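Student: Once you've had a glance at the structure underneath, I'll fire off some questions.
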Amino acid sequence: GAVVSQHPSWVICKSGTSVKIECRSLDFQATTMFWYRQFPKQSLMLMATSNEGSKATYEQGVEKDKFLINHASLTLSTLTVTSAHPEDSSFYICSARYKGGGRGKPQHFGDGTRLSIL
Amino acid sequence: DAKTTQPPSMDCAEGRAANLPCNHSTISGNEYVYWYRQIHSQGPQYIIHGLKNNETNEMASLIITEDRKSSTLILPHATLRDTAVYYCIVRVANRDDKIIFGKGTRLHILP
Numbered sequence: 081g082a083v084v085s086q087h088p089s090w091v092i093c094k095s096g097t098s099v100k101i102e103c104r105s106l107d108f109q110a111t112t113m114f115w116y117r118q119f120p121k122q123s124l125m126l127m128a129t130s131n132e133g134s135k136a137t138y139e140q141g142v143e144k145d146k147f148l149i150n151h152a153s154l155t156l157s158t159l160t161v162t163s164a165h166p167e168d169s170s171f172y173i174c175s176a177r178y179k180g181g182g183r184g185k186p187q188h189f190g191d192g193t194r195l196s197i198l
Numbered sequence: 003d004a005k006t007t008q009p010p011s012m013d014c015a016e017g018r019a020a021n022l023p024c025n026h027s028t029i030s031g032n033e034y035v036y037w038y039r040q041i042h043s044q045g046p047q048y049i050i051h052g053l054k055n056n057e058t059n060e061m062a063s064l065i066i067t068e069d070r071k072s073s074t075l076i077l078p079h080a081t082l083r084d085t086a087v088y089y090c091i092v093r094v095a096n097r098d099d100k101i102i103f104g105k106g107t108r109l110h111i112l113p
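In structure tokens form, the structure reads like this:
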């Protein structure tokens, strides 16, 4: 079945550093990928829509200069948290949908990246 | 996307059928009903989806009412591994629309 892989699964780093998270669709092409963040005991919150070959679309309240998204190929999107601070600590999840998928094709999600900023 | 309403939590005994309801009274004719679940510290997992007919796969069954204003996800023989948050989502198919997650139903499978 469809697989979306995220890397790394867990990262701990010092305040002020930048962290890059990768999201790959392993066995299908995805023109669109989505990035979410999730705080403990809360639901997933959509951050941005990543479009292959074009600029990402950010949700209201999400700083595009803080969360840089690059979708350079049909199988890879990256999220870079720049100058990370403790309040950026969260669970980051990506999803992808088949390119040209058939009727009702669902999105598939990665297993998430737990980011802890000290 | 149409809004959905789900109970915040439910309990089910292990080995019994778990029936998770979802109300989507404002669903449009071209919107599908999707179910996902999220097990603790993992990404959401796709379960099943349907338009108006009942659907069944290896994981679950989806029962959609004739007026499409509500649906029920059925896990036929719940196990402890089915403990998770279950999300019911309605959206138009074949579009790269974003999925907006509600709060879902936290299902506890009791031994």
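Chains G and U supply the protein sequences, listed in that same order.
Converting from the first sequence to this note's numbering requires adding 80 to each position, the first position being numbered 1.
Converting from the second sequence to this note's numbering requires adding 2 to each position, the first position being numbered 1.
Glycine included, each C-beta is placed from N, C-alpha and C at the ideal position.
These numbers come from a predicted model, not from an experiment.
(1) Excluding the 5 residues preceding and the 5 following Ile-91 (chain U) in the sequence, name in chain order all residues of the same chain whose CB lies nearer than 8 angstroms to its CB.
(2) In terms of alpha-carbon separation, which member of G:Thr-158, G:Ser-196, G:Pro-166 and G:Ile-197 lies closest to His-207 (chain G)?
(3) Quick one: does Gly-17 (chain U) have its CB under 8 angstroms from some CB of chain G?
(4) Give the interface partners of Gln-126 (chain G) over in chain U, defined as CB-CB distance under 7 angstroms, in chain order.
(5) Using the rule of at least 16 other Cβ atoms within 10 Å of the residue's Cβ for burial, across every protein chain shown, is Leu-198 (chain G) buried or exposed?
(6) Glu-16 (chain U) lies in the beta strand (DSSP E); which residues open and close that run?
(7) What residues are listed by DSSP as bridge partners for Arg-93 (chain U)?
(8) Anything in chain G within Cβ reach of Gly-31 (chain U), meaning under 9 angstroms, just list it in chain order.
(9) What in chain G is Cβ-close to Pro-46 (chain U), meaning under 8 angstroms?
(10) Tell me which residues share the same chain as Leu-154 (chain G) and place their Cβ nearer than 8 angstroms to its Cβ, disregarding the 5 neighbours each side in the sequence.
(11) Please classify Trp-90 (chain G) as buried or exposed, where buried requires at least 16 other C-beta atoms within 10 Å of its C-beta.
(12) On the DSSP letters alone, give me the boundaries of the beta strand (DSSP E) that His-51 (chain U) sits inside.
(13) Let me know if Thr-28 (chain U) comes out buried or exposed under the rule of 16 or more other beta-carbons within 10 Å of its beta-carbon.
Tutor: Let's see:
(1) Here residue 91 (chain U) corresponds to residue number 89 of the second sequence, with the count starting at 1. Residues Asp-3, Thr-6, Val-35, Tyr-36, Trp-37, Tyr-38, Ile-101, Ile-102, Phe-103 and Gly-104 of the same chain have their beta carbon placed closer than 8 angstroms to that of Ile-91 (chain U), with the five preceding and five following residues left out of the count.
(2) Past the edges of chain G, shown from 81 to 198, lies residue 207 (chain G), and the structure says nothing about it.
(3) For the purposes of this step, residue 17 (chain U) is taken as the residue at position 15 of the second sequence. No, no contact with chain G.
(4) Here residue 126 (chain G) refers to the residue found at position 46 when the first sequence is read from its first residue. Checking the sequence shown, residue 126 (chain G) turns out to be Leu, not Gln. Lys-100 and Ile-102, listed in chain order.
(5) To locate residue 198 (chain G), count along the first sequence from 1; it is residue 118. Label assigned to Leu-198 (chain G): exposed.
(6) Here residue 16 (chain U) corresponds to residue number 14 of the second sequence, with the count starting at 1. Element bounds for Glu-16 (chain U): n/a, residue is neither H nor E.
(7) Translated into the one-based positions of the second sequence, residue 93 (chain U) becomes position 91. Beta-bridge analysis with DSSP links Arg-93 (chain U) to U:Tyr-34.
(8) As a position in the second sequence, residue 31 (chain U) is number 29, starting the count at 1. Among the residues of chain G, none has a CB under 9 angstroms from the CB of Gly-31 (chain U); the nearest is roughly 14 angstroms distant.
(9) Position 44 of the second sequence, counting from 1, holds the residue named residue 46 (chain U). Counting only Cβ-Cβ distances below 8 angstroms, Pro-46 (chain U) has contacts in chain G at Leu-124, Ile-173, Ser-175 and Phe-189, in chain order.
(10) Residue 154 (chain G) sits at position 74 when you count from the first residue of the first sequence. Within its own chain, the residues whose Cβ lies closer than 8 angstroms to the Cβ of Leu-154 (chain G), once the five positions on either side in sequence are excluded, are Ser-105, Gln-109, Ala-110, Thr-111, Glu-132 and Lys-179, listed in chain order.
(11) Walking along the first sequence from the start, residue 90 (chain G) turns up at place 10. Exposed.
(12) In the second sequence, the residue the question calls residue 51 (chain U) occupies position 49. Unbroken beta strand (DSSP E) run through His-51 (chain U): 47-52.
(13) As a first step, residue 28 (chain U) is located in the second sequence; it is residue number 26 there, counting from the start. Around the beta carbon of Thr-28 (chain U), a 10 Å sphere encloses fewer than 16 other beta carbons of the protein chains shown; the residue is thus reported as exposed.
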